[in-house]
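A.B. asks: Okay, here's the structure, questions in a sec.
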Amino acid sequence: MKVLIVGSGGREHAIAHSVAKSPKVDKIYCAPGNAGIAELCECVDIKAMELEKLADFAESNQIDLTIVGMDDPLVAGIVDVFEAKGLRVFGPRKNAAIIEGSKAFSKDLMKKYNIPTAAYETFSDADKALSYLSTCNYPIVLKADGLALGKGVLICMNEDEAKAGVKTIMQDKQFGDAGNNMVVEEFLVGREVSVLCYSDGTTIKAMTSAQDHKRAKDNDEGLNTGGMGTFSPSPFYTDEIKQFCEDKVFGPTIAAMKEEGRTFVGILFVGLILTADGPKVLEYNARFGDPEAQVVLPRMKTDIIDVLEACIDGKLADINLEFEDNAAVCVILASDGYPEQYEKGKIITGLENFADKDGYYIFHSGTASKDGNIVTNGGRVLGVTAKGDTLLEARANAYEAVNWVSFENKYYRNDIGKAINEA
Ligand code: AMP
Ligand code: GLY
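Residue numbers (my numbering): 3 to 425.
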């Protein structure tokens with residue numbers, strides 16, 4: 003069969019890698035892809051938000067299955083556009099992708115269906131939000147309602163910071179229309195864990211857990227980023243917590259979406275925080291995580307095509323979802339300065355060191371081909387993933403492999419997975 007993947011990051015490279023392992027697949031396209039993805043897929047020069055063009059491409063090239071990696075096209079309704087043409091596509095429809103596209107929607111959903119999450123208020127009027135701030139206990143969390151590249155969340159230590167935050171989100175519109183509405187949320191304390199789940203709308207099956215490191219600098223300092231590294235599984239996600247999440251969070255979320263007439267087919271990514279009062283949902287995403295996919299997918303034993311097709315066909319209950327009994331760590335190599343100013347176009351060397359090395363992967367994010375070289379082309383450049391029998395071993399392997407590639411201004415965190423020592 004022929005598969006089209008939509009997106010251009012490390013997540014899409016990891017998806018392409020899993021798809022390429024399936025004996026059912028003869029040809030993979032990726033739009034728009036990147037220099038690493040081009041080794042596995044034919045890259046197509048169509049942007050992820052050019053929904054009609056993508057559907058036309060899928061139609062004229064007889065694509066059997068399209069997999070949407072990114073959030074923006076899902077929230078914009080790419081699945082509806084494909085389905086209108088009778089094309090097979092994996093991901094939630096627009097009316098279900100809203101679970102990621104609007105934090106106000108997801109908070110109201112959790113409240114209505116009793117799914118554990120932080121207490122909150124929603125505002126569409128900046129003045130009302132500002133007067134509410136004097137009644138809050140601090141710290142509090144301000145969240146732009148819409149998509150903001152993972153940056154629309156501000157943790158405010160006092161009322162002055164919160165006032166400045168309201169200005170940033172609702173008045174200066176630093177995150178654009180994402181800030182038309184804003185959620186003000188109780189600040190929660192605990193370890194974070196990401197659980198990505200497959201859903202066919204009725205049945206939901208959780209994948210192995212992972213933990214992201216969102217801040218730019220070691221010891222969780224610096225600005226929030228898309229994610230600087232991950233490990234999987236999370237040793238803090240115990241069997242007891244897992245059972246709680248399956249019973250009180252994952253199942254109820256999918257049932258709630260169905261009840262609301264927004265049947266959710268696709269990846270439900272649940273961002274959890276493990277508080278002293280039990281697990282609570284921080285956020286939902288409607289797609290694989292990046293870089294969560296880079297540690298979860300290499301550990302998945304089940305053929306990804308079988309799973310995705312079962313989701314589309316409402317047959318996920320028949321799938322035996324299996325993961326390797328090992329661990330993986332991914333360290334993101336970024337351009338120094340990310341997530342603010344950084345330079346592009348630096349030549350990358352040493353990528354060939356990953357060829358034929360079992361258990362080691364180099365996933366490309368911001369890379370491009372130029373004059374016969376592979377060069378940096380984004381803030382997050384590469385994801386170095388290594389497996390090991392244990393998290394400690396995977397971590398040592400990943401940090402060894404980090405040295406196999408070089409480029410000017412290469413920057414990475416040194417403490418990805420360090421927390422496993424506390425488990
Ligand atoms: P989100 O995009 O909603 O997951 O938020 C991004 C990050 O902000 C999360 O991964 C947390 O580290 C932090 N965060 C979000 N909401 C809260 C909260 N209610 N309490 C504490 N930290 C939070
Ligand atoms: N790594 C977090 C995300 O993909 O949203």
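Virtual Cβ for every residue (Gly too), placed ideally from N, Cα, C.
Between the beta-carbon of methionine 184 and the beta-carbon of valine 298, is there less than 7 Å?
C.D. replies: The Cβ-Cβ distance between methionine 184 and valine 298 does not fall below 7 Å.
A.B. asks: Decide if leucine 144 is buried, meaning its Cβ has at least 16 other Cβ atoms within 10 Å, or exposed.
C.D. replies: Buried: at least 16 other Cβ atoms inside 10 Å.
A.B. asks: In this structure, does DSSP put proline 75 in helix, strand or coil?
C.D. replies: helix
A.B. asks: For serine 211, is the classification buried or exposed, using 16 other Cβ atoms within 10 angstroms of its Cβ as the cut-off for buried?
C.D. replies: buried
A.B. asks: So does the segment 187-195 actually touch the segment 113-127, counting three or more Cβ pairs closer than 8 Å?
C.D. replies: yes
A.B. asks: Would the segment 50-59 count as touching the segment 82-95 if we require 3 or more Cβ pairs under 8 Å?
C.D. replies: Segments in contact, yes.
A.B. asks: Among Ala18, Cys199 and Ala33, which has the Cα closest to the Cα of alanine 27?
C.D. replies: The identity of residue 27 in the sequence shown is valine, whereas the question assumes alanine. Valine 27 has its Cα closest to that of Ala18, out of Ala18, Cys199 and Ala33.
A.B. asks: Under three-state DSSP, which class holds serine 133?
C.D. replies: helix
A.B. asks: So is glycine 374 in contact with chain C if we call contact Cβ pairs under 7 Å?
C.D. replies: Among the chains in the structure shown there is no chain C, since it carries only a single protein chain.
A.B. asks: According to DSSP, simplified to helix, strand and coil, what is arginine 217?
C.D. replies: strand
A.B. asks: Where are the beta strand (DSSP E) runs, 3 residues long or more, that stay fully inside the segment 6-76, in chain order?
C.D. replies: 29-34 and 67-70
A.B. asks: Which residue wins for smallest C-alpha separation from serine 10, given the options Val21, Asn97, Glu248 and Gly35?
C.D. replies: Gly35
A.B. asks: Based on the DSSP secondary-structure assignment, which residues constitute the bridge partners of arginine 382?
C.D. replies: In DSSP, arginine 382 forms a bridge with Ala336.
A.B. asks: How should lysine 207 be labelled, buried or exposed, when 16 other C-beta atoms within 10 angstroms of its C-beta is the threshold for buried?
C.D. replies: buried
A.B. asks: Which word fits methionine 51, buried or exposed, when buried means at least 16 other C-beta atoms lie within 10 angstroms of its C-beta?
C.D. replies: Around the beta-carbon of methionine 51, fewer than 16 other beta-carbon atoms lie within 10 Å, marking it exposed.
A.B. asks: Pop quiz: lysine 389 and glycine 361 are said to be a contact at Cβ under 8 Å. What is the actual Cβ separation, rounded to whole angstroms?
C.D. replies: 4 Å
A.B. asks: Indicate, with yes or no, if the ligand AMP has a heavy atom lying under 6 Å from the CB of glycine 273.
C.D. replies: yes
A.B. asks: Contact check, phenylalanine 92 vs valine 70 under 8 Å by CB: the rounded distance?
C.D. replies: 7 Å
A.B. asks: Is DSSP giving aspartate 222 helix, strand or coil here?
C.D. replies: helix
A.B. asks: Looking at aspartate 292 and the ligand GLY, is the gap between the Cβ and the nearest heavy atom below 6 Å?
C.D. replies: True, at least one ligand heavy atom lies under 6 Å from that Cβ.
A.B. asks: What separation, rounded to the nearest whole angstrom, lies between the Cα atoms of tyrosine 239 and asparagine 328?
C.D. replies: Approximately 15 Å between the Cα atoms of the pair.
A.B. asks: So, under 8 Å CB-CB, glycine 303 and glutamate 326 are touching, yes? Tell me the CB distance rounded to an integer number of Å.
C.D. replies: Note that residue 303 is lysine in the sequence shown here, rather than glycine. Lysine 303 to glutamate 326, Cβ: 6 Å. Contact.
A.B. asks: When you compare only the Cα positions, how much space is there between methionine 172 and glutamate 161?
C.D. replies: 16 Å
A.B. asks: With DSSP collapsed to three states, give me the class of arginine 193.
C.D. replies: strand
A.B. asks: According to DSSP, which residues form a beta bridge with threonine 255?
C.D. replies: Paired residue(s): none; threonine 255 is not in a bridge.
A.B. asks: Can you confirm whether the segment 306-319 touches the segment 234-250 when touching is taken to mean that 3 or more C-beta pairs between the two stretches lie within less than 8 Å?
C.D. replies: Of all C-beta pairs linking the segment 234-250 to the segment 306-319, fewer than three are shorter than 8 Å, placing the two stretches out of contact.
A.B. asks: Using only alpha-carbon positions, find the residue among Ala295, Cys247 and Gly103 that is nearest to glycine 280.
C.D. replies: Cys247
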